[in-house]
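Residue numbers (UniProt numbering): 1 to 332. Note that the Cβ used here is the ideal one computed from N, Cα and C, for glycine as well. Values in this document were obtained by computation on a predicted structure and should not be read as measured data. Please read the structure below before turning to the comments.
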Amino acid sequence: MARLRLAAHAEVDTRDVDEAAREVGRIFCAHRLSARSRPRLFHARHHSAPISVGAARAGSINLVAYGGDVLIDPGCLDRFFLVQVPLSGGADIACGRRETPTAPGRAASILSPTEPVTMRWSGSCAQLILMLDRAHVERAAARFLDRDDGAVVFAPSLDLERGVGPAVVAQMERMATLAEIGAGEPGVLPRLGEVMDAAIATLLFGHASNVSGADTDADDVVPAPPRAVARALAHIDAHLTDGIDNAALCAEAGVGLRALQGAFRRALGRTISEIVRERRLEALRARLRDPADRRPVGEIMLEVGLWHFGRAAQAYRARFGETPRETRDRAR
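Below, the structure is given as structure tokens:
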């Protein structure tokens, strides 16, 4: 198997089934685990990096792998959601009354805390897993959708070829990358929470659920006043380098996220995330044009929140007609 992600955050590495159940259960929840292939194939590994929003832990990004085939029976997760993206092998998920087969590049699974779950992982399955604190998701649903429907239940199958699936996977990969960069880089830890909240919003707005923003009539949202957009823009500009939290943004604007998104589209013709990206590209350009700033381009990208260098360079060229390095060279 190729090198597993999040290796610096290794928590479990064992060939003993009982030890694996105990140690993985310590990180997630108690569950029954049984190997269904030759014992020598079993090799459990669990890498886990915590994610905090403000001072509170709100989830974690994980890599979990088992050798051979295993059966996993956690029952109801109760305290958290799991978004499971297979990287190798596959998994068949029974969640509530629905059966969900998953495979790399085709389908992932979303486990909701109130739905009983059993799983069969096969073909030496390895999965990138986002654990989301239940209370944090339910607060986000109330805040983002301007409604409080209590327990959130997502459809268990996430299509990785269309819809919001590719975006969610990209956000999870970003979280893994940020966790791998580590706490030594300035601003990394706040961005982990920022990307996690963006993934939650993506699921709430774009994936089927009992509270899905995608299925809600937009007419039931009270329009945000123009001053909400101005306050939000000021907040964005003030926090480009230290992470932009959706909850703080809405609090500053004084409205919920759905109302604020609508106000941005009406006033600016773009979404909040598009405006944030534009502001970050402009901040990058200003720094690159400063001949006194001799830092590497990548370091400046990280500083303004553009940590996916390839995509940032493409967006920069599309907006300004030249690459970041060309801007830097012209400023010398």
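Checking the sheet assignment: what are the DSSP bridge partners for residue 264?
For residue 264, which the question treats as bridged, DSSP gives no partner whatsoever.
The alpha helix (DSSP H) enclosing residue 237, as first and last residue numbers
It spans 226–238 - the alpha helix (DSSP H) in which residue 237 sits, taken as one unbroken run.
For residue 64 and residue 253, the rounded distance between their alpha carbons
Rounded to whole angstroms, residue 253 to residue 64 spans 39 Å at the Cα level.
Between residue 314 and residue 273, what straight-line distance do the alpha-carbon atoms span, to the nearest angstrom?
If you take the alpha carbons of residue 314 and residue 273, they lie about 17 Å apart.
If you drop the 5 nearest sequence neighbours on each side, which residues of the same chain put their C-beta closer than 6 Å to that of residue 174?
195, listed in sequence order.
Short Cβ contact (8 Å threshold) for residue 224 with residue 248:
Cβ distance not < 8 Å, so residue 224 and residue 248 don't count as in contact.
Coil, strand or helix - residue 210 by DSSP
Reduced to three states, the DSSP call for residue 210 is coil.
Go ahead and label residue 328 buried or exposed: buried means 16 or more other beta carbons lie within 10 angstroms of its beta carbon, across all protein chains shown.
Flag for residue 328 reads buried.
Residue 178 and residue 192 closer than 8 Å at C-beta:
Cβ distance < 8 Å, so residue 178 and residue 192 count as in contact.
For residue 43, which of 58, 70, 92 has the nearest alpha-carbon?
Nearest option by C-alpha distance: 70.
Considering only residues of the stretch 71–158, which uninterrupted alpha helix (DSSP H) runs meet the minimum length of 4 residues and lie entirely inside it, listed in chain order?
DSSP runs (the alpha helix (DSSP H)) wholly in the stretch 71–158: 134–144.
Taking a contact to mean a Cβ-Cβ separation below 8 Å, would you say residue 89 touches residue 101 in this structure?
No.
Cα-Cα separation between residue 15 and residue 317, rounded to whole angstroms
One C-alpha to the other measures close to 49 Å.
Could you name the residues that DSSP lists as bridge partners for residue 332?
Note: residue 332 sits in no beta bridge, so no partner.
Would you kindly check if the distance between the Cβ of residue 94 and the Cβ of residue 117 is under 8 Å?
Yes, Cβ-Cβ distance for residue 117 and residue 94 is below 8 Å.
First through last residue of the alpha helix (DSSP H) which encompasses residue 23:
Looking at the DSSP string, the run of the alpha helix (DSSP H) that includes residue 23 is 17–27.
Helix, strand or coil at residue 306 [DSSP, three-state]:
When secondary structure is reduced to three states using DSSP, residue 306 falls in the coil class, being assigned neither helix nor strand.
In or out: residue 226 buried (at least 16 other Cβ within 10 Å) or exposed?
By the neighbour-count definition (other C-beta atoms within 10 Å, threshold 16), residue 226 is an exposed residue.
Mapping the DSSP letters down to three states, classify residue 14 as helix, strand or coil.
It is a strand residue.
Do residue 59 and residue 131 have their C-beta atoms closer together than 8 Å?
Contact flag set, yes.
Under three-state DSSP, which class holds residue 47?
Residue 47 falls in the strand class under three-state DSSP.
For the alpha helix (DSSP H) containing residue 4, list its first residue and its last residue.
Per DSSP, residue 4 belongs to no alpha helix (DSSP H) and is neither H nor E.
Using 8 Å as the threshold, is the C-beta distance between residue 128 and residue 85 below it?
Yes, the pair counts as a contact, with Cβ atoms nearer than the cut-off.
In angstroms with no decimal places, state the Cα-to-Cα distance between residue 72 and residue 31.
Between residue 72 and residue 31, the C-alpha separation is close to 7 Å.
Any non-hydrogen atom of the ligand MG closer than 7 Å to residue 289 Cβ:
Annotation note on the ligand MG: not contained in the displayed structure, which lists no ligands.
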